[in-house]
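Here the structure is laid out as structure tokens; the discussion comes afterwards.
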Amino acid sequence: MFLINCPYCGERDQSEFSAGGEAHIVRPKQPTELSDDQWAEFLFMRKNIKGVQFERWNHAHGCRKWFNMIRDTSNDKIHAVYKMGEKPPTK
Amino acid sequence: MKNKYSIFSLIKNAFSYHENWQRAWRDPEPKKEYDVVIIGGGGHGLASAYYLAKKHNITNIAVLEKGWIGGGNTGRNTTIIRSNYLWDASAGLYDHALKIWEGLSQELNYNIMFSQRGVMNLAHNLQDVRDLKRRTHANRLNGIDAVWLNTEEVGKFCPIINTSQNIRYPVLGGTLQKRAGTARHDAVAWGYARGADAMGVDIIQNCEVKGIKKNGDSVEGVETTKGFIKTKKIGVVAAGHSSVIASMVDLKLPLESKPLQALVSEPVKPIIDTVVMSNAVHAYVSQSDKGELVIGAGTDAYLSYTQRGSHDVVEGTLKAILELYPIFSRMKMLRQWGGIVDICPDASPIISKTHIKGLYFNCGWGTGGFKATPGSGDLFAHTIANDEPHKLNSSFNINRFVSGDLVDEHGAAAVAH
Numbered sequence: 352m353f354l355i356n357c358p359y360c361g362e363r364d365q366s367e368f369s370a371g372g373e374a375h376i377v378r379p380k381q382p383t384e385l386s387d388d389q390w391a392e393f394l395f396m397r398k399n400i401k402g403v404q405f406e407r408w409n410h411a412h413g414c415r416k417w418f419n420m421i422r423d424t425s426n427d428k429i430h431a432v433y434k435m436g437e438k439p440p441t442k
Numbered sequence: 255m256k257n258k259y260s261i262f263s264l265i266k267n268a269f270s271y272h273e274n275w276q277r278a279w280r281d282p283e284p285k286k287e288y289d290v291v292i293i294g295g296g297g298h299g300l301a302s303a304y305y306l307a308k309k310h311n312i313t314n315i316a317v318l319e320k321g322w323i324g325g326g327n328t329g330r331n332t333t334i335i336r337s338n339y340l341w342d343a344s345a346g347l348y349d350h351a352l353k354i355w356e357g358l359s360q361e362l363n364y365n366i367m368f369s370q371r372g373v374m375n376l377a378h379n380l381q382d383v384r385d386l387k388r389r390t391h392a393n394r395l396n397g398i399d400a401v402w403l404n405t406e407e408v409g410k411f412c413p414i415i416n417t418s419q420n421i422r423y424p425v426l427g428g429t430l431q432k433r434a435g436t437a438r439h440d441a442v443a444w445g446y447a448r449g450a451d452a453m454g455v456d457i458i459q460n461c462e463v464k465g466i467k468k469n470g471d472s473v474e475g476v477e478t479t480k481g482f483i484k485t486k487k488i489g490v491v492a493a494g495h496s497s498v499i500a501s502m503v504d505l506k507l508p509l510e511s512k513p514l515q516a517l518v519s520e521p522v523k524p525i526i527d528t529v530v531m532s533n534a535v536h537a538y539v540s541q542s543d544k545g546e547l548v549i550g551a552g553t554d555a556y557l558s559y560t561q562r563g564s565h566d567v568v569e570g571t572l573k574a575i576l577e578l579y580p581i582f583s584r585m586k587m588l589r590q591w592g593g594i595v596d597i598c599p600d601a602s603p604i605i606s607k608t609h610i611k612g613l614y615f616n617c618g619w620g621t622g623g624f625k626a627t628p629g630s631g632d633l634f635a636h637t638i639a640n641d642e643p644h645k646l647n648s649s650f651n652i653n654r655f656v657s658g659d660l661v662d663e664h665g666a667a668a669v670a671h
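So the sequence lines, in the order shown, correspond to chains A and B.
If you count by the numbering used here, then the first sequence holds residues 352 to 442, one letter each, in order.
If you count by the numbering used here, then the second sequence holds residues 255 to 671, one letter each, in order.
The structure is reproduced here in structure tokens:
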């Protein structure tokens, strides 16, 4: 349980948000040309990192907008929040 | 040779104030090389080592545990055992485990306090009723005991449940598996550890795996905090940390690790003599032999390795518990904790070899691995020893995520998994 700084609404309780999993997994441009292995990679395989991870969140009980977040999954500390389509901040 | 535990050994040791019991397992330093290295000294890992030694005559085994044995999810679960899963593959897997549970105390010469007190699953809406009835029929076709109870029968079987039809989610009925029940989780780890150790397995605690050494497409050994250990076969049974181990060989798994919480109340006199779970409202309760109510809460919806869990998850569970069991309204909760569970997209486990020769994974048990401990160990041992799955775990291979042949058990898994 922690606070999330929504890029549109400001700091809110985590229970207002829903987690959308790993970020920056690009939807295949030509789905029909994918092999079964590539589909499995896109649909199911995840890095599931213990440490700093890039992920998507949705402010489900707020503005309902999606955004990206960099969070350390070993201690739930949030490093950065940035909007969809933006490049992740480098620090 | 281990001394046998019996009433006579108990009396004999009483004379020396129980100060001279033989130690249950050794505390060895790792050897240079093993035939098999098991990563993870929880129930599943220790059971895997036990069955490798017992059934496959491979005794040169090390079980590496980064903390202490049974200190992860084995000591953090809510100790429920059942096998009423929907699909044939799961029914085979979980009932195989249940059959081993039934004779396990005798086999291990260790009282695991297995208690077949029954597990009841409640239905709160028409879809629940349809799903649970379907599951009951599927169970019976697979030879698993299951009965459907109507609201009145539910009330008779567990009188403290509020079966009034005037609550928000009234009880419309439920299923009952009488062979299901509970066992003492720590005793399971200790019993398997003692049994495996007696056959020569080295249980090495406080030894964390830092890397896996490969030569081409096969494994050569593991780098640990106690030095390099050579081996040709590695069985990974690391639960929530499976992906961390997999990343050491650049392998991605279809897993997400999340905190799952449980809590216990202050101890009270016997009040609930079965296990009741309710998927729709997420209430799940039983009573330990000590008298504590054992309550299983849900997972946090986000990935995390923090072993804590959020407060709102506990709050939601307790709200549902209070509506179903008004009698608990003044109970005090004593302890709360979290464990990291590795969840597969189809809520079924992976017991499988990988494309790397000599590397095997037993993971993805998600929120409900405890019930399968003996079966999982037995089948994983078979898979490692023969480099081929047993027919009972052939459906639980890693390739099902490529072929699409998933074993979707979200319905049967749900809460009390």
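No residue lacks a Cβ here, since even glycine has one placed at the ideal position from N, Cα and C.
Keep in mind the model is a prediction, meaning the values are calculated, not measured.
- Uninterrupted beta strand (DSSP E) stretches at least 3 residues long and entirely within the stretch 517-602 of chain B occur at 529-532, 537-541, 547-553, 587-597, given in chain order.
- Here Phe262 (chain B) is exposed. Its C-beta has fewer than 16 other C-beta atoms within 10 Å.
- The criterion of a C-beta distance shorter than 7 Å is not satisfied by Gly618 (chain B) and Ile638 (chain B).
- The C-beta distance from Val490 (chain B) to Gly294 (chain B) rounds to 7 Å, short enough to fall under 8 Å.
- Using a Cβ-Cβ cut-off of 7 Å, Thr424 (chain A) counts as an interface residue toward chain B, since at least one Cβ of chain B sits closer than that to its own.
- Around Ala400 (chain B), the same chain offers Asn338, Arg389, Thr390, Asn393, Arg394, Thr429, Leu430, Gln431 as residues with beta carbons nearer than 8 Å, after the five sequence neighbours per side are excluded.
- Its chain contains Asn363 as the residues whose beta carbon lies nearer than 6 Å to that of Tyr259 (chain B), once the 5 sequence neighbours on both sides are disregarded; these appear in chain order.
- In this structure His272 (chain B) is exposed. Its beta-carbon is surrounded by fewer than 16 other beta-carbon atoms within 10 angstroms.
- Contact note: Arg397 (chain A) reaches chain B through Ser497, Lys506, Leu507, Pro508, Leu509, Glu510, using a C-beta cutoff of 8 Å and chain order.
- In the structure shown, Phe269 (chain B) falls within a coil segment according to DSSP collapsed to helix, strand and coil.
- Sorting B:Gly481, B:Val291, B:Pro424, B:Glu406 by C-alpha distance to the C-alpha of Asn379 (chain B) places B:Pro424 at the top.
- Chain order gives no chain B residues near Ala431 (chain A), where near means a beta carbon separation below 9 Å; the closest approach is about 16 Å.
- For Ala351 (chain B), not one C-beta of chain A is nearer than 7 Å to its own C-beta.
- By alpha-carbon distance to Val473 (chain B), the top candidate from B:Glu356, B:Leu613, B:Glu361 is B:Leu613.
- Under the three-state reduction of DSSP, Leu505 (chain B) is assigned to coil, being neither helix nor strand.
- Judged by beta-carbon spacing, Ala370 (chain A) lies within the 7 Å limit of Ala555 (chain B), meaning their Cβ atoms are closer than that value.
- Between Leu347 (chain B) and Val383 (chain B), the C-beta spacing is not below 7 Å.
- Beta-bridge partners of Ala370 (chain A) (DSSP): A:Trp408.
- In this structure, Ala301 (chain B) places its C-beta atom within 7 Å of the C-beta atom of Tyr446 (chain B).
- Under a 10 Å Cβ-count criterion, Pro282 (chain B) is classified as exposed, with fewer than 16 other Cβ atoms of the shown protein chains found around its own Cβ.
- Here Glu392 (chain A) carries a helix assignment [DSSP, helix/strand/coil].
- Legend: CB atoms of the stretch 549-581 of chain B lying less than 7 Å from CB atoms of chain A belong to residues Ala555, Tyr556, Leu557, Ser558, Tyr559, Thr560, Ser564, His565, Asp566.
- Put simply, of B:Trp591, B:Asp543, B:Arg584 the residue whose alpha carbon is nearest the alpha carbon of Gln561 (chain B) is B:Trp591.
- Beta-carbon to beta-carbon, Ala516 (chain B) and Val548 (chain B) are separated by about 7 Å, close enough to satisfy the 8 Å threshold.
- With a cut-off of 8 Å on Cβ pairs, the stretch 296-312 of chain B is not in contact with the stretch 402-419 of chain B, counting fewer than three such pairs.
- The C-beta of Pro599 (chain B) comes closer than 7 Å to at least one C-beta of chain A.
- At a cut-off of 7 Å between C-beta atoms, Met352 (chain A) counts as an interface residue with respect to chain B.
- It is roughly 15 Å from the alpha-carbon of Ser606 (chain B) to the alpha-carbon of Ile499 (chain B).
- Beta-bridge partners of Gln431 (chain B) (DSSP): B:Val373.
- What Lys401 (chain A) touches in chain B, judged by beta-carbon distance under 8 Å, is His495, Ser497, Val498, Ser511, Tyr559, going in chain order.
- If you compare the alpha carbons of A:Thr441, A:Lys434, A:Pro439 with that of Tyr359 (chain A), the shortest gap goes to A:Lys434.
- Taking the CA atoms as reference points, Tyr538 (chain B) sits about 32 Å from Arg448 (chain B).
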